[in-house]
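Asker: Encoded as structure tokens, here's the structure I'll be asking about.
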Amino acid sequence: MRGGLRALAIGLMATTASAAFAQTAPAPADDAAAAEKDDVIVTGFKKSLESATNTKKKIDQIVESVTAEDIGKLPDASIAESIARLPGLTTQRLNGRANVISIRGFGPDLSTTLLNGREQTSTGDARAVEFDQYPSEVVSQVVVYKTPVASLIGQGLAGTVDIRTIRPLDVNKRVIAIGARGVNAELGALNAGSTNFGYRVNATYVDQFFNNTLGISLAASYLNEPDQFQEFNSWGYAGNGSAGAPFLIGGNRSFVRSNQLSRFGFVGTVQWRPRPELTMTLDGFYSDFRDNSIGRGIELPLGFGGGFNVLPATNTRVVNGVVTSGRFDNVRGVVRNDPAERNAQLTSLGYNIAWKGNDGWSASFDFGYSRTDRNELIFESYSGTGFNGDDARPGFPLGTSPAGSIGFELRPTGAFYSSTLNYSDPNVVRLTDPLGWGGGTVPQAGYFNNRIVQDDLKQYRLKVEHEFGSDFFIKSVEFGLGYIDRNKSLTPDESFIRLANGATSLAIPTQFLQRPTQLSYLGLGPVVSYDPRQLLNAGVLTLESRTTANDVLAKAYRISEKLMQAYIQGNLQGQLGAAQITGNFGLQIVTTNQRSSGLVFPGGQRQQISLGANYTDLLPSFNISARFPNDFVVRFAAAREIQRPRLDDLRVAIEYGYNTQTQLIQGSGGNPLLQPYRANAFDLNFEKYFGGKGFIAVQLFYKQLENYIFGGRLNNFNYGGFPTPPNTPVGTPTIGILNAPVNTRGGELYGVELSTTIPFEVITPALTGFGVTGGGGYSISRIRNDLGAIQAIPGYSKWTASGTLFWEQYGFSVRGSVRYRSDFLAEVSGFGANREVRTAVPETLVDAQVGYDFGRVGPLAGVSVFFQAQNLTNERFATIVQGNPLLVRDYQVYGRRYFLGAGFKF
7 MRGGLRALAI GLMATTASAA FAQTAPAPAD DAAAAEKDDV IVTGFKKSLE SATNTKKKID
67 QIVESVTAED IGKLPDASIA ESIARLPGLT TQRLNGRANV ISIRGFGPDL STTLLNGREQ
127 TSTGDARAVE FDQYPSEVVS QVVVYKTPVA SLIGQGLAGT VDIRTIRPLD VNKRVIAIGA
187 RGVNAELGAL NAGSTNFGYR VNATYVDQFF NNTLGISLAA SYLNEPDQFQ EFNSWGYAGN
247 GSAGAPFLIG GNRSFVRSNQ LSRFGFVGTV QWRPRPELTM TLDGFYSDFR DNSIGRGIEL
307 PLGFGGGFNV LPATNTRVVN GVVTSGRFDN VRGVVRNDPA ERNAQLTSLG YNIAWKGNDG
367 WSASFDFGYS RTDRNELIFE SYSGTGFNGD DARPGFPLGT SPAGSIGFEL RPTGAFYSST
427 LNYSDPNVVR LTDPLGWGGG TVPQAGYFNN RIVQDDLKQY RLKVEHEFGS DFFIKSVEFG
487 LGYIDRNKSL TPDESFIRLA NGATSLAIPT QFLQRPTQLS YLGLGPVVSY DPRQLLNAGV
547 LTLESRTTAN DVLAKAYRIS EKLMQAYIQG NLQGQLGAAQ ITGNFGLQIV TTNQRSSGLV
607 FPGGQRQQIS LGANYTDLLP SFNISARFPN DFVVRFAAAR EIQRPRLDDL RVAIEYGYNT
667 QTQLIQGSGG NPLLQPYRAN AFDLNFEKYF GGKGFIAVQL FYKQLENYIF GGRLNNFNYG
727 GFPTPPNTPV GTPTIGILNA PVNTRGGELY GVELSTTIPF EVITPALTGF GVTGGGGYSI
787 SRIRNDLGAI QAIPGYSKWT ASGTLFWEQY GFSVRGSVRY RSDFLAEVSG FGANREVRTA
847 VPETLVDAQV GYDFGRVGPL AGVSVFFQAQ NLTNERFATI VQGNPLLVRD YQVYGRRYFL
907 GAGFKF
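If you want my numbering, it's the 1-based position in the sequence shown plus 6.
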């Protein structure tokens with residue numbers, strides 16, 4: 007056993023022995039009833055804050071939560087936007103939408119998401135759940151656990167997010183609610199065939215029957231909404247910033263993108279309580295998510311364009327080691343018309359039977375099933391003035407395809423260009439391979455990249471608990487078992503796009519031409535526009551399959567995980583002087599069997615192989631809270647935490663061979679032998695409450711990471727179970743080198759968070775209705791890579807802050823919100839849709855909402871209306887190089903979004 011784990015376990019036992027009079031915070035499945043019973047009857051933003059305050063106050067773990075303002079109405083348009091306002095939580099935008107969450111400086115891969123206490127499959131390649139898969143209208147509460155307990159099965163290292171839906175027997179009345187809202191994207195319909203208007207509708211039905219022994223809740227939501235944004239992207243920058251080699255823009259790859267998201271979500275729950283001691287719950291969730299987009303723009307080889315006959319830059323101006331302006335001649339651009347389709351279906355089912363006897367004994371069994379089927383297509387289509395720099399039109403000699411001059415000026419918003427060519431003229435721009443990306447012999451007129459992902463998860467849990475009564479300092483002891491069986495696979499389907507009949511270039515058929523796409527924000531004017539899917543269906547473009555190519559097969563993976571979990575937990579309560587002491591202590595044991603099956607490539611040859619690892623983790627945990635009569639609460643928590651590796655990092659696909667220089671077998675690829683992220687965590691909270699209406703809290707946290715995962719190099723990888731690569735001398739050791747994700751010795755991350763919810767009426771009655779909620783965080787990351795150097799981690803921001811000022815009275819509700827994060831490593835889609843990390847600049851997002859509720863009497867009883875505006879300052883998402891604001895890699899502008907909606911409840 008590792009020394010750090012021994013020290014933590016000894017410390018926990020010692021602390022437990024000296025403070026053995028506390029009571030646990032209920033585990034997610036257990037505190038759900040208490041929390042949700044309040045959740046489902048709250049109305050209004052202020053009441054939702056009070057419900058979240060009481061959840062935080064009563065639970066012994068360190069948590070944050072968001073509660074629906076009313077049935078089917080979270081405070082924001084999406085789950086991610088709501089929980090991103092919580093202290094210590096941030097989000098990264100995708101297409102202008104908040105869809106993944108970072109907790110306390112750790113990226114989304116280091117937290118776990120549950121639905122009604124059950125682990126969920128993901129729509130991405132790894133484990134991280136994308137929250138826009140879950141309609142906010144079908145969610146009653148989201149609880150974020152920042153500290154674990156032994157009974158929290160499926161916990162994450164950074165935190166655990168539990169999305170909760172309505173439990174109908176806790177509502178105690180019939181509820182029927184419907185809602186609708188329209189949305190307008192300020193930037194307009196940027197691409198032909200797109201729109202700037204959309205809508206969403208939702209309905210909820212909750213009822214009880216047979217003297218409140220049978221309850222049913224049904225909720226459905228459908229949205230069809232656009233996202234429009236303008237994007238600048240550079241290939242990077244040549245040079246090193248010195249006087250002899252100043253930074254010079256390498257190329258341009260900028261697009262105007264239009265997305266149309268449609269999503270249907272449904273939640274259904276049936277609860278039956280045939281006798282007071284027995285409750286059975288059956289619930290299901292289904293989401294059909296379709297995100298269709300079109301990106302149109304242009305690629306320009308510039309400073310990296312020597313291989314494409316681009317002449318060196320002239321008329322240059324250099325400022326502080328950066329070429330800030332100049333001109334490139336003999337440039338042949340690649341006009342891009344790239345549709346993308348991302349379709350995912352998520353199904354989640356659960357069954358729970360719970361018995362709570364009158365003799366102190368209780369037991370429950372829970373089964374959960376989650377499955378995701380995802381199909382993600384990226385279709386690239388190229389056009390330009392001629393094939394590989396030549397003009398293949400009849401009557402024109404080779405080598406004379408039109409080329410232009412590109413002037414450029416670097417700005418903090420990206421490069422601004424001027425061009426001598428009209429890229430919207432279909433007489434000049436043709437379907438072809440303008441830069442010879444296909445090798446210069448056979449034109450590659452595009453690329454078809456389809457990724458088929460299946461993720462399947464089954465989980466079983468059994469729990470037995472015995473309560474000893476209020477006179478005993480151990481209030482109860484519980485035991486539990488859990489089993490998870492997960493299988494995830496990715497199958498790539500890739501093809502070259504060719505031109506019909508072996509042509510090197512073709513005119514774009516006039517019947518498929520669409521309105522030119524305007525790139526004036528780049529200074530380039532319009533470009534030719536069409537939908538290549540129509541050209542493929544018409545036979546103008548054809549597919550040449552690459553499904554058997556080694557580089558394609560290497561992307562495939564099949565991962566199997568089987569986890570056996572067991573825990574014991576003591577729940578404590580007692581009195582120490584004036585303070586009521588509650589808390590818990592326990593131990594969770596997790597045994598993991600992980601296997602990866604797929605192809606390896608010894609010397610470029612293909613061989614099937616299966617490889618994996620087995621490991622066991624002991625996870626002690628301790629939570630204690632001291633509650634004083636003046637509504638002051640002090641909490642301390644300590645735990646051993648783990649997070650299993652990204653699933654795609656575990657892929658077995660490895661290409662390797664004999665290296666004549668090192669005289670060793672050397673390769674690169676995935677690493678199915680990865681161990682989890684592991685950490686010892688400590689938290690200390692000081693909280694002052696104002697009854698159940700508000701609070702102020704200071705939260706200190708420290709995580710000592712014993713294991714982290716970075717891309718690196720293993721110098722002792724055992725190729726003994728692999729086929730021997732060709733030309734390997736007899737006697738070559740099987741221990742070799744593997745460039746792949748590796749476990750490192752970790753490091754530490756620590757910080758402080760401030761959070762508050764204050765209704766101003768606790769200060770003076772004159773300010774009744776006004777209030778503020780929000781918080782901020784500051785953290786330090788010192789996590790080391792495989793070379794021992796401190797390295798930035800994805801999702802980490804040193805500073806985060808959020809705040810909402812609100813007024814709610816006489817039926818009116820007005821609020822303005824702001825959230826901020828300092829610079830961070832953002833995960834973006836790079837070349838070939840591969841994952842890349844880039845440094846994103848700080849961003850501040852401002853939203854506002856005004857609404858009116860007509861109350862429960864009168865001709866408009868039950869009606870509420872609202873108007874919401876997002877991204878009021880039109881905040882961009884941007885990444886830069888070398889910390890220089892002129893060396894922009896990405897600059898995306900999403901515009902403002904406006905929502906107008908109404909709801910009716912009866």
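The beta-carbon is built from N, C-alpha and C at its ideal position, and this holds for glycine as well.
What number of angstroms, rounded off, separates the C-alpha of E661 from the C-alpha of Y725?
Answerer: Whole-angstrom Cα-Cα distance: 11 Å.
Asker: Under the three-state reduction of DSSP, which class applies to G782: helix, strand or coil?
Answerer: DSSP places G782 in strand when its eight states are reduced to three.
Asker: Look at the alpha carbon of D379 and the alpha carbon of D297, and state the distance between them as a whole number of angstroms.
Answerer: If I take the Cα positions, the gap works out to 14 Å.
Asker: Which residue comes first and which comes last in the beta strand (DSSP E) that contains N463?
Answerer: The identity of residue 463 in the sequence shown is Leu, whereas the question assumes Asn. Counting along the chain, the beta strand (DSSP E) containing L463 begins and ends at G452 to E473.
Asker: What's the call for N507, buried or exposed, on a 16-neighbour Cβ count within 10 Å?
Answerer: Exposed, by the Cβ-count rule.
Asker: Near E283, what residues of its chain come up, given a Cβ to Cβ distance below 8 Å and the 5 sequence neighbours on each side ignored?
Answerer: So the qualifying residues of the chain are W361, K362, G363 and N364.
Asker: Give a yes or no on whether the C-beta atoms belonging to G777 and P765 are separated by under 8 Å.
Answerer: Closer than 8 Å, so yes.
Asker: Using a 10 Å radius around the Cβ and a threshold of 16 neighbouring Cβ atoms, would you call E42 buried or exposed?
Answerer: Since pLDDT at E42 reaches only 38, below the 50 mark, its modelled position is unreliable, and no value is offered.
Asker: Is the number of C-beta pairs between the stretch 85-102 and the stretch 807-825 that are closer than 8 Å three or more?
Answerer: With the cut-off at 8 Å, the stretch 85-102 and the stretch 807-825 touch.
Asker: DSSP three-state call for Y527: helix, strand or coil?
Answerer: If DSSP states are grouped into helix, strand and coil, Y527 belongs with the helices.
Asker: Expressed to the nearest angstrom, what Euclidean distance is found between the alpha-carbon atoms of Q517 and D537?
Answerer: Going by the C-alpha atoms only, they are around 11 Å apart.
Asker: S54: buried (16+ other C-beta within 10 angstroms of its C-beta) or exposed?
Answerer: Buried, by the Cβ-count rule.
Asker: Mind checking who N265 pairs with in its DSSP beta bridge?
Answerer: N265 pairs with D233 and S299.
Asker: Please check the pair G589 and D66, which I expect to be a contact at CB under 8 Å, by giving their CB distance rounded to whole angstroms.
Answerer: Yes, they are in contact, since the Cβ atoms of G589 and D66 sit about 5 Å apart, within 8 Å.
Asker: Taking the straight line between their C-alpha atoms, what separation do you get for L559 and G356?
Answerer: Answer to the nearest angstrom: the Cα atoms are 35 Å apart.
Asker: Within the same chain, show all residues whose beta-carbon is closer than 7 Å to that of A398, passing over the 5 residues directly before and after it, in chain order.
Answerer: Any reading at A398 must be qualified, since the residue scores a pLDDT of 43, below 50, and its modelled position is unreliable; no value is offered.
Asker: What residue from T885, L906 and F385 has the CA that sits closest to V871's CA?
Answerer: Among T885, L906 and F385, the Cα nearest to that of V871 is on L906.
Asker: Hey, would you say V144 sits closer than 8 Å to T171, going by beta carbons?
Answerer: Their beta carbons are under 8 Å apart, which means V144 touches T171 by this criterion.
Asker: Please confirm if the stretch 838-852 is in contact with the stretch 785-796, defined as three or more CB-CB distances below 8 Å between the two stretches.
Answerer: Touching, no, given that fewer than three Cβ pairs across the two stretches are closer than 8 Å.
Asker: What are the complete beta strand (DSSP E) segments, minimum 3 residues, inside the stretch 142-190?
Answerer: List check, beta strand (DSSP E) in window: 147-151 and 165-170.
Asker: Assuming K694 is part of the beta strand (DSSP E), what are its boundary residues?
Answerer: Y683 to F696 is the extent of the beta strand (DSSP E) around K694.
Asker: Since G663 and P739 are thought to touch, with beta carbons under 8 Å apart, how far apart are those beta carbons, to the nearest angstrom?
Answerer: Actually they are not in contact, since the Cβ atoms of G663 and P739 sit about 15 Å apart, beyond 8 Å.
Asker: Can you give the Cα-Cα distance for S407 and G395, rounded to whole angstroms?
Answerer: So the alpha carbons of these two residues sit roughly 6 Å apart.
Asker: Under 8 Å by Cβ, that's how I've got P747 and I799 pegged, so tell me the actual separation to the nearest angstrom.
Answerer: Actually they are not in contact, since the Cβ atoms of P747 and I799 sit about 13 Å apart, beyond 8 Å.
Asker: Under 8 Å by Cβ, that's how I've got D439 and Y388 pegged, so tell me the actual separation to the nearest angstrom.
Answerer: About 6 Å; that satisfies the 8 Å criterion.
Asker: Which value, in whole angstroms, describes the spacing of the CA atoms of R862 and G868?
Answerer: Those two C-alpha atoms are separated by around 5 Å.
Asker: Taking the straight line between their C-alpha atoms, what separation do you get for F371 and Q277?
Answerer: Straight-line Cα distance between these residues: approximately 15 Å.
Asker: Just to check my reading of the structure: F238 and S260 have Cβ atoms closer than 8 Å, yes? What is that Cβ distance to the nearest angstrom?
Answerer: About 5 Å; that satisfies the 8 Å criterion.
Asker: Can you tell me where the alpha helix (DSSP H) holding E849 begins and where it ends?
Answerer: Not the alpha helix (DSSP H): E849 falls in the beta strand (DSSP E), residues E849 to D859.
Asker: What is the residue span of the beta strand (DSSP E) that Q649 lies within?
Answerer: From DSSP, the beta strand (DSSP E) with Q649 extends over F638 to Q649.
Asker: Could you compute how far the alpha carbon of T668 sits from the alpha carbon of D233?
Answerer: Going by the C-alpha atoms only, they are around 52 Å apart.
Asker: With three or more C-beta pairs closer than 8 Å as the rule, is the stretch 752-763 touching the stretch 693-707?
Answerer: Result yes; three or more Cβ-Cβ pairs closer than 8 Å.
Asker: Are the stretch 193-203 and the stretch 887-894 in contact at 8 Å, needing three or more beta carbon pairs?
Answerer: These segments do not touch.
Asker: Look at the alpha carbon of N217 and the alpha carbon of R348, and state the distance between them as a whole number of angstroms.
Answerer: C-alpha separation (whole angstroms): 46 Å.
Asker: Taking only runs of the beta strand (DSSP E) that begin and end inside the stretch 311-389, which ones reach a length of at least 3 residues, in chain order?
Answerer: Runs of the beta strand (DSSP E) inside the stretch 311-389: 320-325, 328-337 and 340-362.
Asker: Below 8 Å between beta carbons: does that hold for G366 and F474?
Answerer: Yes, Cβ-Cβ distance for G366 and F474 is below 8 Å.
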